[in-house]
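Working notes for the structure below.
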């Protein structure tokens, strides 16, 4: 199985420790997919600065193919500042170093490259919502992380993305059941095949438009919750595709039970690692 994360890369700076770690939704997906045994790649714009080199080197060491993402001079890596409170990561702000910050635009060359993958993942923080429609003719299962912010749930935003993806992820800890129900119906109506909604320690719900499937959280004493959601979603998707899921195949209980279990185990292990997937260095 060949999978790829496209879009964002950042460093997570732990200000109370003066240590930074590689991160970003697409980077995390690629790294976790490699850890799950997939043939994994990352496609994005990586700045040729200290932070960007950390991101790229860590992906290479994790076994992720970054051959289509060379370092770019004159650009800056986004820095996300974080503090840890009893193992739970809390974001406090973001900044940039010297240079321009640039998002990925999918070229014809990029699209030809993406034709070889079985899963293509992107997320809202990549600022690629206007690019996602370019993926519509590719054979891959296309996944998208909408995170938790309201700005990524507006009708306009959903209409840009949902018709062109197969599996959507939302974090719904701040949403009521009525809001969650309305959201998932809207996403399915727009063309997405599956909606996975996570709700913290309350577990997860997958909906295919006609049936709901439930998962459970595996509780551990966390060292660091950075990447807990990304690792869960990555392992869930990898398991589903390994079980034979594609955009034309119906979901089964056996398929989802296995995916929920494997994702919970993998996410729990991720919470025992510092940073999203390690590779911390001082700054």
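Numbering (UniProt numbering), first residue to last: 1 to 283. A virtual CB, placed ideally from N, CA and C, is assigned to each residue, including glycine.
- Pairwise C-beta distances place the region 178 to 188 out of contact with the region 214 to 222, as fewer than three of them are shorter than 8 Å.
- Per the Cβ contact rule, the region 75 to 95 is not in contact with the region 104 to 122 (fewer than 3 Cβ pairs under 8 Å).
- For the set 88, 81, 18, 203, the Cα lying nearest the Cα of residue 12 is the one of 81.
- Runs of the beta strand (DSSP E) spanning 3 or more residues and lying entirely within the region 32 to 84 occur at 39 to 43, in chain order.
- Just so you know, the alpha carbons of residue 6 and residue 283 end up roughly 26 Å apart.
- Between residue 125 and residue 25, the C-beta spacing is below 7 Å.
- Membership of residue 14 in the beta strand (DSSP E) is indicated by the continuous run 10 to 14.
- If you draw a straight line from the Cα of residue 148 to the Cα of residue 172, it comes to about 6 Å.
- Taking C-beta separations shorter than 7 Å and ignoring five residues to either side along the sequence, the partners of residue 256 in its chain run 206, 213, following chain order.
- Within a 10 Å sphere around the beta-carbon of residue 234 sit 16 or more other beta-carbons, which makes this residue buried.
- Scanning its chain for C-beta atoms nearer than 6 Å, with the 5 sequence neighbours on each side dropped, one finds around residue 192 the residues 162, 165, 168, in chain order.
- Counting along the chain, residue 88 sits inside the beta strand (DSSP E) bounded by residues 88 to 96.
- Taking 7 Å as the cut-off, the Cβ atoms of residue 243 and residue 267 do not count as close.
- Taking the C-beta atoms as reference points, residue 21 is found nearer than 7 Å to residue 280.
- In this structure, the beta-carbon distance from residue 72 to residue 45 falls below 7 Å.
- Between residue 10 and residue 97, the alpha-carbon positions lie close to 11 Å from each other.
- If you look at residue 170, you'll find it in the beta strand (DSSP E) that goes 167 to 171.
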